[in-house]
Every structure is written in structure tokens, then in C-alpha cells.
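Shown next, in C-alpha cells, is the structure this report addresses.
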Amino acid sequence: MTPIVPKYHLLRFFRDFNEGITSGIRNITYAMPSQLIKTSLLAYSYKNGDDLVDYVRQNGGDAHIMTDLKQIGFLSWQKFLDKFFSDNHFDILHCHIDGWQSGVVAYYARKHGVKLCAIHAHRSVEEDSQCSRIKQFINRYSSIHCFDLHFACNKVATSCVYGEKSLKDVYYLRNGLDISKYTYTLNNSQIESYNELFGIKKGQIVIGHIGRFSPIKNHKFLLQLASSMLSKQISFKMLFIGDGNDIDLVKNQVLELGLSDNVEFLGYRQDIINLLKYMDVLLLPSFAEALSNVSIEVQAAGTPAILSDTIKTDCDLGLNTVQFKPLVADVWEEAILSVINKKESSVNEIKSHFIESGFDSGSIAKYYFSILDEAITKKKNV
Numbered sequence: 001m002t003p004i005v006p007k008y009h010l011l012r013f014f015r016d017f018n019e020g021i022t023s024g025i026r027n028i029t030y031a032m033p034s035q036l037i038k039t040s041l042l043a044y045s046y047k048n049g050d051d052l053v054d055y056v057r058q059n060g061g062d063a064h065i066m067t068d069l070k071q072i073g074f075l076s077w078q079k080f081l082d083k084f085f086s087d088n089h090f091d092i093l094h095c096h097i098d099g100w101q102s103g104v105v106a107y108y109a110r111k112h113g114v115k116l117c118a119i120h121a122h123r124s125v126e127e128d129s130q131c132s133r134i135k136q137f138i139n140r141y142s143s144i145h146c147f148d149l150h151f152a153c154n155k156v157a158t159s160c161v162y163g164e165k166s167l168k169d170v171y172y173l174r175n176g177l178d179i180s181k182y183t184y185t186l187n188n189s190q191i192e193s194y195n196e197l198f199g200i201k202k203g204q205i206v207i208g209h210i211g212r213f214s215p216i217k218n219h220k221f222l223l224q225l226a227s228s229m230l231s232k233q234i235s236f237k238m239l240f241i242g243d244g245n246d247i248d249l250v251k252n253q254v255l256e257l258g259l260s261d262n263v264e265f266l267g268y269r270q271d272i273i274n275l276l277k278y279m280d281v282l283l284l285p286s287f288a289e290a291l292s293n294v295s296i297e298v299q300a301a302g303t304p305a306i307l308s309d310t311i312k313t314d315c316d317l318g319l320n321t322v323q324f325k326p327l328v329a330d331v332w333e334e335a336i337l338s339v340i341n342k343k344e345s346s347v348n349e350i351k352s353h354f355i356e357s358g359f360d361s362g363s364i365a366k367y368y369f370s371i372l373d374e375a376i377t378k379k380k381n382v
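Encoded structure:
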């Protein structure tokens, strides 16, 4: 039997698996029919990404390590890119990192025959608070002019990465998911196992947070909230899920505030869906989000969530499980107590809302492929 040859070979370039965007990368990769696109990866680290690496290799792709520019210098980095794209054939490059470095990657991709270069805006704020106007201009110019296709998760990301007036032709690609993976409930044995693992006592409120440890995720507010709840003798346990540069800083703050019995650090986890279903409420007090993957996943799980009112409401799918609140501890305490035991959305209701809202990964994969296919066809006809 003749093996099926995919129409295109796609290379995805991203940093690592500590970022929320990798959830979206996973979902669209899994949803894409293998006869249409073969996917390979280029990242600085694959820690916590074994599942996706195994999947792409099983389907004919590969996972390549990107050499760190800071470690080897610009000239050696250019030589690495030149050799990498000379040794490996791809039809499409999709960069999930914006700015001038991705522009250089796109240059060498084109030099060695890549037909189409795309970039994806995920950020809602400048990651470097000291970013100069000159550096911002260079990054935006590169993101706009070095690529054939421009994607974004929403208009906030478009404005941040490309500028408000710089681009008209931006394709909005939602961070979809496979809703069929969320259509179950935890059994008593699973719940008891988690209770024992995390030291949850009877009657305790299980509060979850998923996100990398960085200033924009606002763990400081969560600790303020925890201190306030503890002072009012509210029985709770906070589960911090994720990793990041500031994790040791937050751990020290937990010790200083006397919250060790009320806060658990779970690190990176593969059982995110189970944990979303296990917790009573999810909190996301971020200062800004372009389009939070976790806010979509928690609605698929049917678990209530409280988000900062600085986060755009386009992540709300209308299931009445999400609230947007100002960053005031008393307000969040009241909201937490009001949503406990209110997991009311049915599986059918959740499914229908996801399909109607366009967050189904299967539909998004078809839309994404149609954009790529049309763009390559146009380039051939020019």
C-alpha cells in the first residue's frame, strides 16, 4: 500500500512548553489531518512536551532544537539557521515568536526554499518593560514585513505586535480545543486520590491557578487574597499549577506570609483536564492576556472561573461560568463563595457553545489549512 504523502510540511517555531500558547499548538496539531500537513517543531526546549514531540514523530515530522543566540553570538546563530534550513526541507514556516529574531529565521527559511512564512501574535503587552521605541519599531517592522501571512488570537494581540494601524489583513485564529476530551466527570476514587495527594481536608474550597510564574500573571494578588481569606478563617487550599522564572520568589513569599498549609505548588502537570474538573473554582488575576487558553479550557471543563477585569471578555463563551472582577480581595472572596458547587452546565450545552463560538479545534484546523493552501496557490500563480 502506497503511503500517504502530506500536501505540505509545516515547521512551527516557538520558545518552550512553559507558555500557554503551546496548548493551542498542541490542539491544532492533533486536529490537523495528517494527509494535509506534516508538522515539525523548532524550539529552545522540549521539557514537558514529550506528548507533542512523540505525536509529530509518529506522523513523520521531527522536533529540532533551536540554538540560543545569546550563547553563541549573532554570526554563529546565522550560520546555524543557514545550515538548518539547508539540511531540512519545509514548505511552510509558522513563527509563534514575534520580532526581529523571527524575521531572521524567515529570511533563511526563504533562502532555502520555504514557500510561505507566517507569524502569530500572541502577546497583549510588551514583555520587556524597558523596551525602547527603537527596539519596538524594529520588532514591529520585522513582524509585518518579513512574513507573508499574519495571524493573531484577537485584536489586542494585533495591536500589541503589529500596531493599531499597520495591518489590515490579519487572520484571527482562535485557540481551539477538542471538546470531546472534556465530556466526563471525575469519579469518587479520583477525587479521593487528589484529596490525599494535595492534603485537602473535608469542606475545604479547592482554588486553582494555571500559569507560568511571571509578573504579568499576578501571583502577588493571589497571595494577598489567600492571606485575607485565612484571616477570615475561610477553609481553602490554593493549587498553583505551572513553572517559570519567579517560582522561587513566590515560594518564599508563601513562607513569609505563613501560607504553607494553604498553598500547594504542583509544577507542570499532564493531567490539566482532571485538575480543572477537580477544583471548585479557577482564578486568573492576570494584568493582561491576549486570549487565555486556560480561560477556554476551564469553560470546557464546566468549572467556574473568576478573571481580572483587565482581561478581554472575548474569552467568555456565554456559559455563565466566567466572572470578570476588579483586583480587590474582598470582591474576589465574595465571588468565590458565590460560585462554590455551581458546576451546572451540561455536556451538550458546553459542546453547542464551543461549536457556535468557533472554539472547536477541528473547525479551526480546517480554516487554518484553507488559509495556508490559498496563500501558497496564489504565490504559485504570481
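The sequence shown begins at 1 in the numbering used here and counts up one residue at a time.
Where is the CB? At the ideal position from N, CA and C, for every residue including glycine.
In this structure, the alpha-carbon of F354 lies about 29 Å from that of P6.
Approximately 6 Å separates the beta-carbon atoms of S292 and C315; this is inside 8 Å, confirming the contact. For L173 and F151, the gap between their C-alpha atoms comes out near 7 Å.
The three-state secondary structure of Q233, taken from DSSP, is coil. Taken in chain order, the unbroken stretches of alpha helix (DSSP H) that lie wholly in the region 43-74 and span 4 residues or more are 50-58, 69-72. In this structure H94 is buried. Its beta-carbon is surrounded by 16 or more other beta-carbon atoms within 10 angstroms. Comparing alpha carbon positions, the residue from L11, Y194, V170, Q101 closest to S142 is Q101. In the three-state DSSP reduction, K325 falls in the strand class (E or B). Under DSSP, A118 forms a beta bridge with H94, L149. Between D248 and G267, the CB-CB gap reaches or exceeds 7 Å.
G203 is not bridged by DSSP to any residue.
In this structure the region 12-29 touches the region 39-47; the number of beta carbon pairs closer than 8 Å is three or more.
Setting aside the 5 residues that flank it on each side, I311 is surrounded in the same chain by L284, S286, A288, E289, S292, S295, F324, each with a C-beta closer than 8 Å to its C-beta; the list follows chain order. Rounded to whole angstroms, the gap between the alpha carbons of G113 and D91 is 7 Å. Under the three-pair Cβ rule at 8 Å, the region 273-281 does not count as touching the region 251-263.
Beyond the five residues adjoining it in sequence on each side, G61 comes within less than 6 Å, by CB distance, of K38, T39, S40 in the same chain, given in chain order. Within the region 289-377, the complete alpha helix (DSSP H) segments at least 4 residues long are 293-301, 329-339, 347-357, listed from N- to C-terminus. DSSP places Y184 in the coil class of the three-state scheme, outside both helix and strand. For the set I340, L319, I376, E334, the Cα lying nearest the Cα of E356 is the one of L319. In the DSSP assignment, I191 is bridged to no other residue.
Three or more beta-carbon pairs separated by less than 8 Å are not found between the region 75-86 and the region 43-55, which leaves the two stretches without contact. By the Cβ-count criterion, G24 is buried, with 16 or more other Cβ atoms from all chains shown falling within 10 Å of its own Cβ.
Counting only runs that start and end inside the region 225-271, the beta strand (DSSP E) elements of at least 3 residues fall at 236-241, 263-267. Listed as beta-bridge partners of Y171 by DSSP are F151.
Under a 10 Å Cβ-count criterion, P326 is classified as exposed, with fewer than 16 other Cβ atoms of the shown protein chains found around its own Cβ. According to the DSSP secondary-structure assignment, T39 is paired through a beta bridge with L10. Comparing alpha carbon positions, the residue from T303, E264, T321, D330 closest to K232 is D330. Per DSSP, reduced to three states, the secondary structure at H219 is helical. Setting aside the 5 residues that flank it on each side, Y8 is surrounded in the same chain by I37, D91, I92, each with a C-beta closer than 6 Å to its C-beta; the list follows chain order.
If you check the CB distance, A226 and N187 do not come in under 7 Å. For V281, the enclosing beta strand (DSSP E) has its first and last residue at 281-284. Taking C-beta atoms under 8 Å as the contact rule, I376 and L116 qualify, at a distance of about 5 Å.
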